[in-house]
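K.L.:
Take this structure, written in structure tokens, and hold onto it; I'll ask about it next.
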Amino acid sequence: MLIKETVVAKPMLSWLYLVNATILITHQIDAAYWHEWNLFGMPGGIQLNLLLNIPLVMLILFGQRCLTQGRTAGIVFSWLLVAGGVIAVSIHSYFLLHGDESFRLPVSLGLLAATFFLSLAQAIVLFYATPVIKMPPNVAVEAD
Numbered sequence: 364m365l366i367k368e369t370v371v372a373k374p375m376l377s378w379l380y381l382v383n384a385t386i387l388i389t390h391q392i393d394a395a396y397w398h399e400w401n402l403f404g405m406p407g408g409i410q411l412n413l414l415l416n417i418p419l420v421m422l423i424l425f426g427q428r429c430l431t432q433g434r435t436a437g438i439v440f441s442w443l444l445v446a447g448g449v450i451a452v453s454i455h456s457y458f459l460l461h462g463d464e465s466f467r468l469p470v471s472l473g474l475l476a477a478t479f480f481l482s483l484a485q486a487i488v489l490f491y492a493t494p495v496i497k498m499p500p501n502v503a504v505e506a507d
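Start counting the sequence shown at 364; every next residue gets the next number (the working numbering).
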């Protein structure tokens, strides 16, 4: 049963990663419009924002590459993308609930909502797609 679920989950996980990454990267483009660096009190303005996004986007794309190659690192990057999505939604929800005027346009809110639901779906698929490693019952573990 686990093998069947894993075989079905692999393409779904790859697509969820791709779509979630696309939405998160688009959110970062939206963040430049809203001057997100002011929201977080970051010095450096757009210059620092752009420089920080270069390694971020590179890591996201590298994670997709690892995932499509079937590497274990792809699963790790998938969980990191889920965490990044949940953190982004949580932080922006906090600011929105406290009256901040940024990210209130329909598409901005839609990107955040999509990030939440895609991250949730990705986490569910990851949970079922990641095999559990079990020790055989007859193997004794010796302490050093």
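For glycine and all other residues, C-beta sits at the position ideal for the given N, C-alpha and C.
Out of 482, 454, 387 and 483, which has the shortest C-alpha to C-alpha gap to residue 420?
P.N.:
Counting from one through the sequence shown, the residue named residue 420 turns up at place 57. Closest option to residue 420, Cα to Cα, is 387.
K.L.:
Can you tell me whether residue 468 is buried or exposed? The criterion is at least 16 other CB atoms within 10 Å of its CB, across all chains shown.
P.N.:
The count along the sequence shown starts at 1 and reaches residue 468 at position 105. Burial call: exposed.
K.L.:
At which residues does the alpha helix (DSSP H) containing residue 426 begin and terminate?
P.N.:
Here residue 426 corresponds to residue number 63 of the sequence shown, with the count starting at 1. First-last of the alpha helix (DSSP H) with residue 426: 408-431.
K.L.:
Here's the rule I'm using: 16 or more other beta-carbon atoms within 10 Å means buried, otherwise exposed. How should residue 383 be labelled?
P.N.:
Translated into the one-based positions of the sequence shown, residue 383 becomes position 20. By the neighbour-count rule (16 or more Cβ atoms within 10 Å), residue 383 is buried.
K.L.:
Pick helix, strand or coil for residue 448, following the three-state DSSP scheme.
P.N.:
For the purposes of this step, residue 448 is identified with residue 85 of the sequence shown, where counting begins at 1. In this structure, residue 448 counts as helix in the three-state DSSP scheme.
K.L.:
So is residue 396 buried or exposed if we call it buried at 16+ other beta carbons inside 10 Å?
P.N.:
If you number the sequence shown from 1, residue 396 lands on position 33. By the 10 Å Cβ count, residue 396 comes out exposed.
K.L.:
Would you give the residue range spanned by the alpha helix (DSSP H) that residue 400 belongs to?
P.N.:
Against the sequence shown, residue 400 aligns to sequence position 37. It spans 399-402 - the alpha helix (DSSP H) in which residue 400 sits, taken as one unbroken run.
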